[in-house]
């Protein structure tokens, strides 16, 4: 019995509704849902954020606060002790959250530790944690890249590219901190050169006050940078990436480089003009290691072949005195435009797919692709263990109405005849339906039937 994906042809037209009878030998109907492309590969974009300024800033501010504390002790300036205590508390808080920042390398659950790495590799992929092996590898690659540009050619062959994140908001704060430290260092040098036989207490007090204020501002900047980094790594652990880390302009530039390196069978998921739609398709993981925040961004690469996703609907057929129905092991099938290649999807497979504009569904393909011969039935496709996709079962004929994806369209099954009333603003039309078919209603019409 032929079960090829041939849709029904119209046999009756009406100004208010359209009836399409199905061939009596058609046992399966394919309800078109959307276009589909499958994710065939991925490109790794490794982003580095250099944290040297942050760590150096924290070290310098600790030394500076100790210097202020020493001056207070030397000149018995007890009125400033509360300020020193507060500054030391701020430093302690920053150091505490630095431990949290480093501990974001661990997956957000207790896992059995391995002999080498602290987190299981599967957990890494689930919770956005960059594996320590890869973090070390990327750090070495970055050092190699800084000393030898030819190394980039080898990375491109492995579908990997590297960029250093500007993280513009943090850069501006780092610039402010650097200016503050320059001012502080100059002030310390000036004081070292100044020699007074009698040092005025008022001058010391002014120095301590201004120095404490400068230290407080720098600590606020460090705290803000720290919170931004923690927020970024936390977002990544939940599968999100901040556009401040990788701006649309930077992503567009990287995509243009990637596109130029792809072969003709692969393509990026979205048009560069709609670059913002790509962010939710990215898979990201991160790790803080020595002076770097290393972020791995996996960009999906699609097969350039377009498929059509269809829902498989079984239709009852009469053979002699009995009715039979084909039951399929999966609910969906996707065909290419030539109808010579197909793959099957379950409900769970479809849940993992992602919608993008232009009515396209993106799916990771974890199932085989089948080559179909001319006029081959989908039930002839051999599944794993040599099982068949379909099986025929004896069934009783029941009147059915199935809503299709196309607006105001239903697939009906009558045994062998149904009588319906099509109601519109101008009146009511009585219609007899026979066996199996498709009915499409015009705007404002509805069918009076117990199933609708």
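Residue numbers (this note's numbering): 260 to 711. No residue lacks a Cβ here, since even glycine has one placed at the ideal position from N, Cα and C.
Rounded to whole angstroms, the Cβ separation of residue 534 and residue 301 is 18 Å, and the two are not in contact under 8 Å.
Membership of residue 670 in the beta strand (DSSP E) is indicated by the continuous run 668 to 683. Contact annotation: residue 286 and residue 602 have beta-carbon atoms that are not nearer than 7 Å. Residues of the same chain with a CB within less than 6 Å of the CB of residue 342, apart from the 5 flanking positions on each side, are 471 in chain order. Taking C-beta atoms under 8 Å as the contact rule, residue 477 and residue 316 qualify, at a distance of about 7 Å. Spanning the alpha carbons of residue 656 and residue 672 requires a straight line of approximately 8 Å. Taking the Cβ atoms as the reference, residue 313 lies roughly 11 Å from residue 551, outside the contact range of under 8 Å. Burial state of residue 310 is buried, judged by a 10 Å Cβ sphere holding 16 or more other Cβ atoms.
Of the residues 513, 588 and 348, the one whose Cα lies closest to the Cα of residue 556 is 513. Remark: C-beta atoms of residue 663 and residue 282 do not approach each other more closely than 7 Å. With fewer than 16 neighbouring CB atoms inside 10 Å of its own CB, residue 675 falls in the exposed class. Secondary structure at residue 473: helix, using DSSP grouped into helix, strand and coil. Residue environment analysis places residue 522 among the exposed positions, since fewer than 16 neighbouring C-beta atoms fall within 10 angstroms of its C-beta. Between residue 590 and residue 571, the C-beta gap is smaller than 7 Å, which places the two residues in contact. Assignment of residue 326 by DSSP, reduced to helix, strand and coil, places it in the helix class.
Around the beta carbon of residue 681, a 10 Å sphere encloses 16 or more other beta carbons of the protein chains shown; the residue is thus reported as buried. Nearest Cα to residue 275 within the set 707, 700 and 706: 700.
The beta carbon of residue 353 sits closer than 8 Å to the beta carbons of 317, 478, 481, 482 and 485 from its chain, once the five residues preceding and following it are set aside; these are given in chain order. When the alpha-carbon of residue 611 is set against those of 288, 297 and 279, the nearest one is in 297. Annotated as proximal: residue 495 and residue 545, with beta-carbon spacing under 7 Å. The C-beta of residue 593 has 16 or more other C-beta atoms within 10 Å across all chains shown, which makes the residue buried.
Its chain contains 387, 495, 498, 499, 500, 554, 555, 556 and 557 as the residues whose beta carbon lies nearer than 8 Å to that of residue 543, once the 5 sequence neighbours on both sides are disregarded; these appear in chain order. A check of alpha carbon separations from residue 548 across 358, 598 and 469 identifies 358 as the nearest. Shown here, residue 354 sits in a helix according to DSSP, grouped into three states. Rounded to whole angstroms, the Cβ separation of residue 350 and residue 321 is 6 Å, and the two are in contact under 8 Å.
In the DSSP assignment, residue 512 falls within the unbroken alpha helix (DSSP H) covering 507 to 520. Distance from the CA atom of residue 567 to the CA atom of residue 294, rounded to whole angstroms, is 5 Å. In the displayed model, residue 293 falls within a strand according to three-state DSSP. The shortest CA-to-CA distance from residue 467 to any of 565, 332 and 606 is the one to 332.
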